[in-house]
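Q: In terms of my numbering, the sequence shown opens at residue 1 and continues consecutively.
Virtual Cβ for every residue (Gly too), placed ideally from N, Cα, C.
These numbers were taken from a predicted model, which means no experiment stands behind them.
Dropping the structure in here first, questions after.
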Amino acid sequence: MGHSDRLLMGPGPGNPYPEVIEAFGRPVLGHLDPEFVALLDETNERLRAVFRTDNPLTFPLSATGSAGMEATFCNVLAPGDVVVVGVNGVFGERMCDVASRLGAEVVRVDAEWGQAIEPQRMLDAHPSPKVIAIVHAETSTGVRND
């Protein structure tokens, strides 16, 4: 069973490199296999270098961006915490919804959909938030927030 090749140009999924397709053809390692554990340890070490942290709880999450955001919020926010959220598209709105459901006080920094949010506006929105959150690549509008 197969299908013809496609060039995927949307926000995801995308076309994998040939090396990735080849890797999917290799035997699967179990999550307790010593080779897998060593590979995961190396991956975690490299992630800590990328994120410039020594936090031993740094690890990859196999999920959508929204699932990653929700997992992060659920582990960082508590009822009453203040979170500043930049909103200029669907996924910024989603961050507000998740934070609100967790009982956080959401301080919105709104911009017209499709317009980037200036970083200083985020910093000026509240004197001491626990979290400042913005979608870097707001795929619903095509805007990039830096």
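By the DSSP assignment, the alpha helix (DSSP H) with residue 76 in it spans what residues?
A: It spans 65 to 76 - the alpha helix (DSSP H) in which residue 76 sits, taken as one unbroken run.
Q: Determine the DSSP secondary structure at residue 104, reduced to helix, strand or coil.
A: Residue 104: coil per DSSP, three-state reduction.
Q: Specify, as a first and last residue, the run of the beta strand (DSSP E) that residue 133 falls within.
A: Taken as a continuous stretch (DSSP letters only), the beta strand (DSSP E) holding residue 133 covers 131 to 133.
Q: Using the Cα positions of residue 13 and residue 44, report the straight-line distance between them to the nearest angstrom.
A: Rounded to whole angstroms, residue 13 to residue 44 spans 24 Å at the Cα level.
Q: Using the Cα positions of residue 88 and residue 57, report the straight-line distance between them to the nearest angstrom.
A: Taking the straight line joining both Cα atoms gives about 31 Å.
Q: Which of helix, strand or coil does DSSP assign to residue 118?
A: Looking at residue 118 - three-state DSSP - the assignment turns out to be coil, as it is neither helix nor strand.
Q: Quick one: measure Cβ to Cβ for residue 107 and residue 143, integer angstroms, because I've assumed they're closer than 8 Å.
A: Contact doesn't hold; Cβ gap of about 20 Å is too wide.
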